[in-house]
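K.L.:
Heads up, the sequence shown is in my numbering, so the first residue is 13 and it goes up one at a time. Glycine included, every Cβ here is placed at the ideal spot set by N, Cα and C.
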Amino acid sequence: MISERLQHYLDEHPVRYQTAIHSPTPDAMRTAQAAHIPGKAFAKSVIFKARGRIGMAVLPATDQVHLAQLGKAIGASDITLADENELRDAFPDCDVGAMPPFGNLYNMETFVSEHLREDESIAFNAGSHDEVMKMSYQDYERLVRPHVVHF
Numbered sequence: 013m014i015s016e017r018l019q020h021y022l023d024e025h026p027v028r029y030q031t032a033i034h035s036p037t038p039d040a041m042r043t044a045q046a047a048h049i050p051g052k053a054f055a056k057s058v059i060f061k062a063r064g065r066i067g068m069a070v071l072p073a074t075d076q077v078h079l080a081q082l083g084k085a086i087g088a089s090d091i092t093l094a095d096e097n098e099l100r101d102a103f104p105d106c107d108v109g110a111m112p113p114f115g116n117l118y119n120m121e122t123f124v125s126e127h128l129r130e131d132e133s134i135a136f137n138a139g140s141h142d143e144v145m146k147m148s149y150q151d152y153e154r155l156v157r158p159h160v161v162h163f
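Here's what the structure looks like:
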């Protein structure tokens with residue numbers, strides 16, 4: 013099921029998007045495979061803590077987040093991954109690990125990998141482990157206004 017916040021936001025800011033249901037999957041690469049989307053075009057959300065705040069890094073499913081690189085890219089030396097309890101608290105309308113890459117809806121700064129800008133569209137978990145959403149990258153960037161970084 014699509015996260016309630018995301019659904020309301022998309023209703024308020026009409027954009028074209030598609031959703032697809034698939035068998036539940038444990039990680040972004042398997043979700044991309046189940047949805048028949050190349051891993052480099054499937055976005056995963058990685059939640060971190062830095063400078064006393066929680067933030068979101070959005071990167072292709074094929075990439076791994078390197079905290080030192082991410083910290084350098086955003087100017088933070090005190091960067092750690094958020095734990096499961098923090099994820100539950102920050103995303104009450106989402107399954108843990110299936111957060112949509114819309115940090116702006118959850119009061120957090122969003123940093124997106126420049127690699128995701130290479131494709132015309134972006135696909136991602138929409139709040140659950142069994143539904144994928146796809147929209148144009150241009151619409152995503154307009155709605156989220158993420159900081160584009162190399163990490």
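Could you check if Ser125 is buried or exposed, using at least 16 other CB atoms within 10 Å of its CB as the buried criterion?
P.N.:
Counted from its first residue, the sequence shown places residue 125 at position 113. Buried: at least 16 other Cβ atoms inside 10 Å.
K.L.:
Between which residues of its own chain and Gln81 is the CB-CB distance below 6 Å, once the five residues before and five after are set aside?
P.N.:
Taking the sequence shown and counting its residues from 1, one reaches residue 81 at position 69. Closer than 6 Å at the Cβ level, and outside the excluded window around Gln81, lie Phe163.
K.L.:
May I ask you to report which of helix, strand or coil DSSP gives Glu153?
P.N.:
Counting from one through the sequence shown, the residue named residue 153 turns up at place 141. Looking at Glu153 - three-state DSSP - the assignment turns out to be helix.
K.L.:
Round the Cβ separation of Met145 and Ile14 to the nearest angstrom and send it over; I've been treating them as touching at under 8 Å.
P.N.:
Taking the sequence shown and counting its residues from 1, the one referred to as residue 145 is at position 133. Taking the sequence shown and counting its residues from 1, the one referred to as residue 14 is at position 2. About 7 Å separates the two Cβ atoms, so the contact holds.
K.L.:
Looking only at its own chain, which residues have a Cβ that is under 8 Å from the Cβ of Gln30, when we skip the five neighbours before and after it?
P.N.:
Position 18 of the sequence shown, counting from 1, holds the residue named residue 30. Hits under 8 Å: Met145, Lys146, Met147.
K.L.:
Which ranges does the alpha helix (DSSP H) cover as unbroken runs of at least 4 residues, wholly within the stretch 79 to 150, from first to last along the chain?
P.N.:
Those alpha helix (DSSP H) runs which fall completely within the stretch 79 to 150 and span 4+ residues are 79 to 86, 96 to 102.
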